[in-house]
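A.B. asks: This is the structure, below, for whatever I ask next.
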DNA sequence: ATCAATTGCGTTATGCTATAACGTGTGGCA
DNA sequence: TGCCACACGTTATAGCATAACGCAATTGAT
Ligand SMILES: [Zn+2]
Ligand SMILES: [Zn+2]
Ligand SMILES: [Zn+2]
Ligand SMILES: [Zn+2]
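Chains as they are written, first to last, in my numbering: chain A, 1 to 132; chain B, 133 to 264.
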């Protein structure tokens, strides 16, 4: 069940897993230069696979990537995911909610639209950065 | 009430309004070269203002822009907007739904997250491109 | 009228994000 | 053995976005 990763894929996943927040492809590249990475494609190819495996997510609104918060269930799709992204500290919270999923399904159905992938990203300020 | 636009802003808004689908900044630039546009910044500065005025929207998942489907109410915020984007024909449908808004509000509140801006983009296939 | 502040504008240069295209090497399998 | 699929490495290029400078027009006091 657990996907067997190549060396490059493991390195990229590790970088994302150990990062405080989301990383851009080029930031990952810089972090991995000591491990032999030289070119963006090495990163992008690994990212593509990890996305395909459902192990990481892409944050469209900031052109960057995060490790999935649910490392246990690495199936290709764990439903609609909503991300809360703090603009102060960069922290990302991954959220799942059947209500949202249901509501979006109704919206799409009303337009006779066949959904392939849904992006939900909430930009704002997390609890820590608000209370200060 | 209606925002007075500068020449550049009007040109960019017109380009988006008359376009079939979303346009990238550089596509807009090419369309406006005959009107004197020479550099990306001329487009980006106009886009920034039009976004601020609520007259256009940015589609994060494809780095492009669309005119708002509700040209009547140009206030700075017309609530949460969900976009259905057809991957075949590029058509974009702008949708609003109080249920989604409510549900997202609950989700954010649960994390004590203060929302500034919400992005919802549904990629898939529109009715026309499905029925064919 | 004059000064200062703001805003838009044009230009050049640069930086960040992503992919095309080509060739190599390896493992599985008919 | 020949073929195929896949990961990999490299170079080059394409596409998206902003920094920094200076100028001109507008506004709104003083
Ligand atoms: Zn996840
Ligand atoms: Zn924060
Ligand atoms: Zn709108
Ligand atoms: Zn379509």
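Ideal Cβ positions, reconstructed from N, Cα and C, are used throughout, including at glycine.
Identify the contact partners of residue 193 of chain B in chain A, using a Cβ-Cβ distance below 8 Å as the criterion.
C.D. replies: Here the neighbours are 60 and 119.
A.B. asks: Check the DSSP bridge columns for residue 95 of chain A and list the partner residues they point to.
C.D. replies: For residue 95 of chain A, which the question treats as bridged, DSSP gives the partners A/82.
A.B. asks: Can you list the beta strand (DSSP E) stretches of 3 or more residues lying completely in the stretch 1-70 of chain A, in chain order?
C.D. replies: Correct list: 56-59 and 64-67.
A.B. asks: Listing by chain order, which chain B residues have their CB less than 9 Å from the CB of residue 95 of chain A?
C.D. replies: The contacting residues are 239, 240, 242 and 243.
A.B. asks: I need the residues with a C-beta less than 6 Å from some heavy atom of ligand 3; please give them in chain order.
C.D. replies: Cβ-based neighbours of ligand 3 within the cut-off: B/189, B/200, B/201, B/202, B/210, B/213 and B/226.
A.B. asks: Using only the alpha-carbon positions, how far apart do residue 59 of chain A and residue 192 of chain B sit?
C.D. replies: Their backbone Cα atoms lie some 9 Å apart in a straight line.
A.B. asks: Does the distance from the CB of residue 84 of chain A to the CB of residue 197 of chain B come in under 8 Å?
C.D. replies: It is not a contact, given that the beta carbons lie outside the stated cut-off.
A.B. asks: Going by DSSP in three states, residue 234 of chain B sits in which element: helix, strand or coil?
C.D. replies: In this structure, residue 234 of chain B counts as helix in the three-state DSSP scheme.
A.B. asks: Assuming residue 253 of chain B contacts residue 116 of chain A (C-beta within less than 8 Å), just tell me the rounded distance between them.
C.D. replies: Incorrect: roughly 11 Å between the Cβ atoms, too far for contact.
A.B. asks: Using DSSP bridges, identify the partner residues of residue 124 of chain A.
C.D. replies: For residue 124 of chain A, which the question treats as bridged, DSSP gives the partners A/86 and B/247.
A.B. asks: For residue 79 of chain A, would you say it is in contact with chain B, using Cβ-to-Cβ distances shorter than 8 Å as the test?
C.D. replies: Residue 79 of chain A does not count as touching chain B.
A.B. asks: Are the CB atoms of residue 186 of chain B and residue 167 of chain B nearer to each other than 8 Å?
C.D. replies: No, Cβ-Cβ distance for residue 186 of chain B and residue 167 of chain B is not below 8 Å.
A.B. asks: So with Cβ pairs under 8 Å, would you call residue 256 of chain B a contact of chain A?
C.D. replies: Yes, its Cβ sits closer than 8 Å to a Cβ of chain A.
A.B. asks: Who are the Cβ neighbours of residue 40 of chain A in its own chain at under 7 Å, not counting the five residues just before and after it?
C.D. replies: Answer for residue 40 of chain A: 25, 26 and 29, listed in chain order.
A.B. asks: When the Cα atoms are used, what is the spatial distance from residue 94 of chain A to residue 239 of chain B?
C.D. replies: Roughly 11 Å between the two C-alpha positions.
A.B. asks: Along chain B, in chain order, which residues have C-beta atoms closer than 8 Å to that of residue 25 of chain A?
C.D. replies: Ordered by position in chain B, no residue passes the 8 Å Cβ test against residue 25 of chain A, which lies about 15 Å from the chain.
A.B. asks: Measuring CB atoms only, is the stretch 140-151 of chain B touching the stretch 98-107 of chain A, in the sense that at least three cross pairs come out at less than 8 Å?
C.D. replies: Not touching, per the Cβ criterion.
A.B. asks: Relative to chain B, which residues along the stretch 40-58 of chain A have a C-beta separation below 7 Å, given in chain order?
C.D. replies: Residues: none.
A.B. asks: Show which residues of chain A have a CB atom less than 7 Å away from the CB atom of residue 216 of chain B.
C.D. replies: In chain order: 108, 111 and 113.
A.B. asks: Strictly below 8 Å CB to CB, what residues from chain A border residue 152 of chain B?
C.D. replies: The premise fails here: residue 152 of chain B is roughly 17 Å from chain A at the closest Cβ pair, so nothing lies under 8 Å.
A.B. asks: Step through the CB atoms of chain B and report whether any lies within less than 8 Å of the CB of residue 90 of chain A.
C.D. replies: No, because no Cβ of chain B sits closer than 8 Å to the Cβ of residue 90 of chain A.
A.B. asks: Say the cut is 7 Å; is the CB of residue 125 of chain A nearer than that to a heavy atom of ligand 2?
C.D. replies: Checking the Cβ of residue 125 of chain A against ligand 2 gives yes.
A.B. asks: Does residue 236 of chain B get closer than 8 Å to chain A when you measure Cβ to Cβ?
C.D. replies: Yes, because at least one Cβ of chain A sits closer than 8 Å to the Cβ of residue 236 of chain B.
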